[in-house]
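Okay, so here's the structure we're looking at.
Protein chains in written order, with our numbering: chain C, 1 to 243; chain D, 244 to 490.
Take a look at the structure:
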């Protein structure tokens, strides 16, 4: 398993709430990657809403800076749905409104990775280094994995009924396909964006004390709906998940 | 044995799909579907490694197959997992006889109605990027000639994926894989939307999406994206009817 994911799993504790888990993930990035600061930016409708979690110096200031100047690597990664890499910020001409303050804070290289689940976008994972230089292919792979985990954490999607303390593979940290199908259905039933549909699913699962997987199964089987009607009586867990 | 002209057509089709900006999901999906047709087996699927030792299910000829493959990558047990790990063809002409060999995987596969299973490594020289998974209902699902064909299919697909990877500007297989998996998620979201809009089963929603993409010669991921943005609605897809369905 990837060093970063392994480190993250070592750092987290069962009592961590989603923000604490995101913080552990940022700490794992700083520990395993050649970067000094890692943060998770919340971005909605192309607007930067600051950092939700971070590790390393200046993280919050850099988040606030991108929010204030409405410019920078995080917004670009979000907008283009692709990772952004600037290995030598002081000598680049990108993001003029962001660059001068960031360089003054010691940023020499910055990398942003979009947090997305299908077409749903939630923000970015931002990495900053005080030494210039690109990330190696291995480091980029690690960062991509971290971004995947961050997307799931942001949505509380990792607790889909799995033994979350004992994952044996990265797959256990990401939701099953049926959860995405259910999010699509929920977005129609509630007439919301796909982003809000994930949040609605998570809220409903929590209120009904069922796992996200279970709720998704019932929704996809047309056994339960997110609109109107009394809450379903949840009996014994459904058997064959393959049906 | 499959007939020669079909085999040739499949190889040409696979090569044609590997244009620039090809869709890894669609390519591996094509490999799975054609493997089922050419080899006369029940199901096929493809798992790939992202380069960090973790395996991902890329394509499956059915939802059941997808489930079986997810089991394999999660329990690290089964022919496909072994084929990838060892880089060798793994044959189980009788799953019933291999219950002890794969204690977690074999009982599930037998319960699902499979009698034999084969894992074909997707390997070129010393680089193994994943495996092609083949399942048949009865025992001895593959004859010797079929196994050679399966091996050739897996190899041509591997060469294609690796070449395309080098052609792309520094994009690692992990990055390609992530993009591919994200398109997979987009398709799942779109399936749910069509299913809810038209009150359909998810599998039927998928059939409509795929048919629309095929008829309009568009990428499935792009069609899925427009469904999610509500630029294509289920009624529009339904209006086209389903192939093979009576009017």
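In this text, a Cβ means the ideal position worked out from N, Cα and C, and glycines have one as well.
Keeping to the same chain, check which residues put their C-beta closer than 6 Å to that of residue i; ignore five residues upstream and five downstream.
{"i": "residue 342 of chain D", "result": "349"}
{"i": "residue 53 of chain C", "result": "19, 22, 23, 26, 40"}
{"i": "residue 270 of chain D", "result": "260"}
{"i": "residue 268 of chain D", "result": "423, 426, 427"}
{"i": "residue 76 of chain C", "result": "84"}
{"i": "residue 12 of chain C", "result": "21, 24"}
{"i": "residue 492 of chain D", "result": "Residue 492 of chain D cannot be examined here, being either before or after the span of chain D that is shown, 244 to 490."}
{"i": "residue 284 of chain D", "result": "377, 379, 384"}
By how many angstroms is the C-alpha of residue j removed from the C-alpha of residue i?
{"i": "residue 121 of chain C", "j": "residue 339 of chain D", "result": "46 Å"}
{"i": "residue 392 of chain D", "j": "residue 247 of chain D", "result": "11 Å"}
{"i": "residue 23 of chain C", "j": "residue 478 of chain D", "result": "45 Å"}
{"i": "residue 211 of chain D", "j": "residue 135 of chain C", "result": "Summary: the structure shown does not reach residue 211 of chain D, with chain D confined to residues 244 through 490, and so no result is reported for it."}
{"i": "residue 380 of chain D", "j": "residue 300 of chain D", "result": "21 Å"}
{"i": "residue 66 of chain C", "j": "residue 176 of chain C", "result": "33 Å"}
{"i": "residue 112 of chain C", "j": "residue 422 of chain D", "result": "16 Å"}
{"i": "residue 334 of chain D", "j": "residue 370 of chain D", "result": "21 Å"}
{"i": "residue 51 of chain C", "j": "residue 61 of chain C", "result": "9 Å"}
{"i": "residue 74 of chain C", "j": "residue 124 of chain C", "result": "6 Å"}
{"i": "residue 462 of chain D", "j": "residue 184 of chain C", "result": "19 Å"}
{"i": "residue 213 of chain C", "j": "residue 178 of chain C", "result": "7 Å"}
{"i": "residue 14 of chain C", "j": "residue 363 of chain D", "result": "40 Å"}
{"i": "residue 159 of chain C", "j": "residue 17 of chain C", "result": "Residue confidence is low: residue 159 of chain C scores 43 on pLDDT, short of 50, so the model does not pin down where it sits. Its coordinate-derived value is still stated next. Going by the C-alpha atoms only, they are around 11 Å apart."}
{"i": "residue 452 of chain D", "j": "residue 435 of chain D", "result": "11 Å"}
{"i": "residue 100 of chain C", "j": "residue 148 of chain C", "result": "30 Å"}
{"i": "residue 454 of chain D", "j": "residue 443 of chain D", "result": "15 Å"}
{"i": "residue 43 of chain C", "j": "residue 206 of chain C", "result": "24 Å"}
{"i": "residue 257 of chain D", "j": "residue 249 of chain D", "result": "12 Å"}
{"i": "residue 92 of chain C", "j": "residue 447 of chain D", "result": "51 Å"}
{"i": "residue 29 of chain C", "j": "residue 316 of chain D", "result": "25 Å"}
{"i": "residue 361 of chain D", "j": "residue 139 of chain C", "result": "34 Å"}
{"i": "residue 221 of chain C", "j": "residue 153 of chain C", "result": "26 Å"}
{"i": "residue 165 of chain C", "j": "residue 6 of chain C", "result": "Bear in mind that the predicted position of residue 165 of chain C carries a pLDDT of just 34, short of 50, making it too unreliable to give a figure here."}
How is residue i classed by DSSP in three states: helix, strand or coil?
{"i": "residue 48 of chain C", "result": "strand"}
{"i": "residue 471 of chain D", "result": "helix"}
{"i": "residue 443 of chain D", "result": "coil"}
{"i": "residue 376 of chain D", "result": "strand"}
{"i": "residue 288 of chain D", "result": "strand"}
{"i": "residue 57 of chain C", "result": "coil"}
{"i": "residue 113 of chain C", "result": "strand"}
{"i": "residue 358 of chain D", "result": "coil"}
{"i": "residue 278 of chain D", "result": "helix"}
{"i": "residue 346 of chain D", "result": "coil"}
{"i": "residue 205 of chain D", "result": "The structure shown does not extend to residue 205 of chain D, since chain D is modelled only from 244 to 490, so the question has no answer here."}
{"i": "residue 129 of chain C", "result": "strand"}
{"i": "residue 172 of chain C", "result": "Because the pLDDT at residue 172 of chain C is just 43, under 50, the model does not fix this residue reliably, and the value given afterwards should be weighed accordingly. In this structure, residue 172 of chain C counts as helix in the three-state DSSP scheme."}
{"i": "residue 437 of chain D", "result": "helix"}
{"i": "residue 187 of chain C", "result": "helix"}
{"i": "residue 489 of chain D", "result": "Confidence at residue 489 of chain D is low in this model, with a pLDDT of 41, below 50, so the placement of that residue is unreliable and no value is reported for it."}
{"i": "residue 386 of chain D", "result": "coil"}
{"i": "residue 331 of chain D", "result": "coil"}
{"i": "residue 108 of chain C", "result": "coil"}
{"i": "residue 307 of chain D", "result": "helix"}
Give the single residue among the options whose Cα lies nearest to the Cα of residue i.
{"i": "residue 400 of chain D", "options": "D:387, D:300, D:272, D:247", "result": "D:272"}
{"i": "residue 25 of chain C", "options": "C:189, C:126, C:197, C:184", "result": "C:126"}
{"i": "residue 304 of chain C", "options": "C:57, C:38, C:70", "result": "The structure shown does not extend to residue 304 of chain C, since chain C is modelled only from 1 to 243, so the question has no answer here."}
{"i": "residue 254 of chain D", "options": "D:435, D:473, D:396", "result": "D:396"}
{"i": "residue 328 of chain D", "options": "D:259, D:402, D:319", "result": "D:319"}
{"i": "residue 58 of chain C", "options": "C:43, C:48, C:35, C:117", "result": "C:35"}
{"i": "residue 365 of chain D", "options": "D:451, D:378, D:463, D:292", "result": "D:292"}
{"i": "residue 282 of chain D", "options": "D:482, D:324, D:375, D:331", "result": "D:375"}
{"i": "residue 109 of chain C", "options": "C:130, C:193, C:48", "result": "C:130"}
{"i": "residue 483 of chain D", "options": "D:459, D:472, D:473", "result": "D:459"}
In chain order, what residues of the same chain lie with their CB nearer than 7 Å to the CB of residue i, ignoring the 5 residues before and after it?
{"i": "residue 79 of chain C", "result": "46"}
{"i": "residue 383 of chain D", "result": "336, 359"}
{"i": "residue 275 of chain D", "result": "287, 288, 289, 302, 303, 304"}
{"i": "residue 105 of chain C", "result": "58, 61, 62"}
{"i": "residue 475 of chain D", "result": "466, 469"}
{"i": "residue 353 of chain D", "result": "338, 339"}
{"i": "residue 437 of chain D", "result": "443, 448, 451, 452, 470, 477, 480"}
{"i": "residue 187 of chain C", "result": "193, 194, 197"}
{"i": "residue 233 of chain D", "result": "Residue 233 of chain D is absent from the structure shown; chain D starts at 244 and stops at 490."}
Kindly identify the DSSP beta-bridge partner or partners of residue i.
{"i": "residue 41 of chain C", "result": "C:51, C:124"}
{"i": "residue 371 of chain D", "result": "D:366"}
{"i": "residue 219 of chain C", "result": "None, per the DSSP bridge assignment."}
Leaving aside the five residues before and after residue i along the sequence, list all residues of the same chain whose C-beta is less than 8 Å from its C-beta, in chain order.
{"i": "residue 367 of chain D", "result": "398, 401, 402, 405"}
{"i": "residue 351 of chain D", "result": "311, 314"}
{"i": "residue 309 of chain D", "result": "288, 300, 303"}
{"i": "residue 215 of chain C", "result": "182, 201, 204, 205, 208, 224"}
{"i": "residue 190 of chain C", "result": "196, 197, 200, 226, 227"}
{"i": "residue 180 of chain C", "result": "117, 118"}
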